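Going line by line, the protein sequences match chains A and B. Just so you know, we're using the numbering used here here: the first sequence kicks off at 68 and counts up by one. Just so you know, we're using the numbering used here here: the second sequence kicks off at 68 and counts up by one. Virtual Cβ for every residue (Gly too), placed ideally from N, Cα, C. Given the structure is predicted, the values throughout are model-derived calculations rather than measurements. The structure appears right after this line, and notes come after that.
Protein chains: 2
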Amino acid sequence: MLERLSQCDMTVGALAEPLEMSLAAASKHIGVLEEAGLIRRQKRGRERVCSLDPRGLEAVRDWAERYVGFWNERLDALDRALKELDDE
Amino acid sequence: MLERLSQCDMTVGALAEPLEMSLAAASKHIGVLEEAGLIRRQKRGRERVCSLDPRGLEAVRDWAERYVGFWNERLDALDRALKELDDE
DNA sequence: GGAATAGTCAACCAATTGATTGACTATTTA
DNA sequence: TAAATAGTCAATCAATTGGTTGACTATTCC
Numbered sequence: 068m069l070e071r072l073s074q075c076d077m078t079v080g081a082l083a084e085p086l087e088m089s090l091a092a093a094s095k096h097i098g099v100l101e102e103a104g105l106i107r108r109q110k111r112g113r114e115r116v117c118s119l120d121p122r123g124l125e126a127v128r129d130w131a132e133r134y135v136g137f138w139n140e141r142l143d144a145l146d147r148a149l150k151e152l153d154d155e
Numbered sequence: 068m069l070e071r072l073s074q075c076d077m078t079v080g081a082l083a084e085p086l087e088m089s090l091a092a093a094s095k096h097i098g099v100l101e102e103a104g105l106i107r108r109q110k111r112g113r114e115r116v117c118s119l120d121p122r123g124l125e126a127v128r129d130w131a132e133r134y135v136g137f138w139n140e141r142l143d144a145l146d147r148a149l150k151e152l153d154d155e
C-alpha cells in the first residue's frame with residue numbers, strides 16, 4: 068500500500084482493489100497505517116483519499132539512521148584504538 | 068533491546084534482565100529480532116552474545132529513505148509545474 | 001428522490017502472537 | 001564430579017490480530 072501511495076494518492080477503494088481481501092479488511096489496514104503515522108486519509112465527498120505522510124516515514128528512517136550511525140561510531144572508535152596500538 | 072545493543076554487545080541474560088518477563092520470553096523476542104536480520108547471536112561457551120546487525124538496520128533505513136525520496140521528488144515535480152504556470 | 005457507490009463499524013470467529021512454566025542441553029565453577 | 005549458570009524448546013493458555021459479513025451513514029448519479 069505504501070509503495071503504491073508513493074506513486075500517487077488514491078482512494079480506499081482503489082488501494083483495496085488489487086488485494087485479495089474485503090474492503091472492510093483493507094479499510095482496517097489503512098486505519099492501522101494512519102494510526103502509525105505513515106499515511107493520512109482525507110474525506111472528499113463520499114471518497115476517502117489516502118496519501119503518504121512523509122513525517123512518519125522520516126521518523127522511521129531517522130530511527131534506523133541512528134543505529135547505523137551508532138555502528139559507524141563504534142567502528143571508528145575501534146579503528147582509533149587499533150591505530151593507538153600500532154603507534155606503540 | 069536494539070537501543071541497548073547500540074551501546075555494546077550483551078548476552079541474552081543481560082538483555083533480558085531489565086525486562087519484566089521471563090528469560091524464555093526474552094529469548095523468543097531476541098529470536099524474532101534475529102530472524103528479522105536486525106541482530107546476530109553468537110555462542111561463546113554457555114553464553115549467547117547478541118549484537119546489532121547493521122545490514123538489517125541499513126535495509127530499514129534505505130526502505131524508509133526511498134519513500135522520503137519519492138515524496139521529495141513529487142514536491143519537486145509540483146514545484147516545476149507551478150513555475151511553468153507562472154511563466155505563462 | 002431513489003438507486004448506486006464509497007467507506008466505516010460492530011460482531012464474530014479463526015489464526016497468530018506473547019508470556020509462562022517445566023524440562024532439557026551445554027558450559028562453567030566450586 | 002556435582003552443582004550452578006546460561007539459554008532453548010515445547011506445551012499451554014490468554015490476548016491480540018486478521019478477515020468476513022451484515023448493517024449502517026454519507027455522497028453522487030440517474
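Would you tell me roughly how many angstroms separate the C-alpha atoms of residue i and residue j, rounded to the nearest one?
i: residue 75 of chain B; j: residue 118 of chain B; result: 8 Å
i: residue 71 of chain B; j: residue 111 of chain B; result: 20 Å
i: residue 77 of chain B; j: residue 116 of chain B; result: 5 Å
i: residue 94 of chain A; j: residue 106 of chain B; result: 33 Å
i: residue 99 of chain A; j: residue 109 of chain A; result: 15 Å
i: residue 142 of chain A; j: residue 151 of chain B; result: 48 Å
For the ligand FAD, is there any heavy atom lying closer than 8 Å to the beta carbon of residue i?
i: residue 120 of chain B; result: The model depicted lacks the ligand FAD and carries no ligand whatsoever.
Determine the contact status of residue i and residue j, defining contact as a CB-CB distance below 9 Å.
i: residue 90 of chain B; j: residue 68 of chain B; result: no
i: residue 125 of chain A; j: residue 131 of chain B; result: yes
Quick one: does residue i have its CB under 9 Å from some CB of chain B?
i: residue 125 of chain A; result: yes
i: residue 132 of chain A; result: yes
i: residue 149 of chain A; result: no
i: residue 128 of chain A; result: yes
i: residue 69 of chain A; result: yes
i: residue 135 of chain A; result: yes
Please state whether DSSP places residue i in a helix, a strand or coil.
i: residue 87 of chain B; result: coil
i: residue 124 of chain B; result: helix
i: residue 119 of chain B; result: strand
i: residue 113 of chain B; result: coil
Taking Cβ positions only, does residue i come closer than 9 Å to chain A?
i: residue 109 of chain B; result: no
i: residue 119 of chain B; result: yes
Give, in chain order, every residue of the segment 82 to 111 of chain A whose Cβ lies closer than 8 Å to some Cβ of chain B.
-> none
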